[in-house]
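Residue numbering for the sequence shown follows numbering that gives the first Met the number 0, starting at 0 and increasing by one per position.
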Amino acid sequence: MKEDKSFDSDEMMDELSSRLEDMLEDMIEDAVTCAVQDAIPEAFVESLSDFEFVLKDGTIVRPKQHMKVFSPDKAKLLICYGGLRVDGSSLMIQTRISSWENIAYYPSREEAIEALKKVKHAMESDVSIFEL
């Protein structure tokens, strides 16, 4: 087999390095763009959550108060933005617009669903703090 004298390993490494840098820059730019697009609307909505004002007709507009949920082991007190879900045998609470946190693990999915129903009932009853 004849050896190719025109092959330059340094040139190839430079080209590979350049392509890798371009790929990493694109990935970082995409990640930052996604993070900013998610964070700005969330920060805006959360900043309005404490905002109270009066309309021209005298109507007072107050933000909805969110219920706090106390975990069964008394290790967490989370503000529930209204979202509840069962993930496996865990009860998940929506703690921000796009953030969910596990508040409790249960031995079975059915027990987690029962806990979800209790929290839902407390929310519908306008309870301010609910203990699981």
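The beta-carbon is built from N, C-alpha and C at its ideal position, and this holds for glycine as well.
Three-state class that DSSP yields for residue i in the structure shown
i, result
"residue 74", "coil"
"residue 95", "strand"
"residue 60", "strand"
"residue 90", "strand"
"residue 0", "Since pLDDT at residue 0 reaches only 49, below the 50 mark, its modelled position is unreliable, and the value read off the structure follows with that caveat. Looking at residue 0 - three-state DSSP - the assignment turns out to be coil, as it is neither helix nor strand."
"residue 7", "coil"
Residue j beta carbon less than 8 Å from that of residue i
i, j, result
"residue 115", "residue 131", "no"
"residue 102", "residue 75", "yes"
"residue 118", "residue 53", "no"
"residue 64", "residue 124", "no"
"residue 77", "residue 100", "yes"
Residue interval of the alpha helix (DSSP H) (run including residue i)
i, result
"residue 108", "108–123"
Option in the options with minimal Cα separation from residue i
i, options, result
"residue 61", "97, 25, 106 and 50", "50"
"residue 105", "99, 66 and 87", "87"
"residue 96", "85, 79 and 107", "79"
"residue 84", "71, 98 and 73", "98"
"residue 73", "58, 129, 13 and 7", "129"
"residue 121", "30, 57, 82 and 16", "82"
"residue 66", "92, 16, 57 and 58", "92"
Residue i - containing beta strand (DSSP E), residue span
i, result
"residue 86", "83–86"
Residues bridged to residue i [DSSP beta-bridge criterion]
i, result
"residue 128", "67"
"residue 103", "90"
"residue 52", "60"
Cβ of residue i within 8 Å of any chain C Cβ
i, result
"residue 120", "In the structure shown, chain C does not exist; there is a single protein chain."
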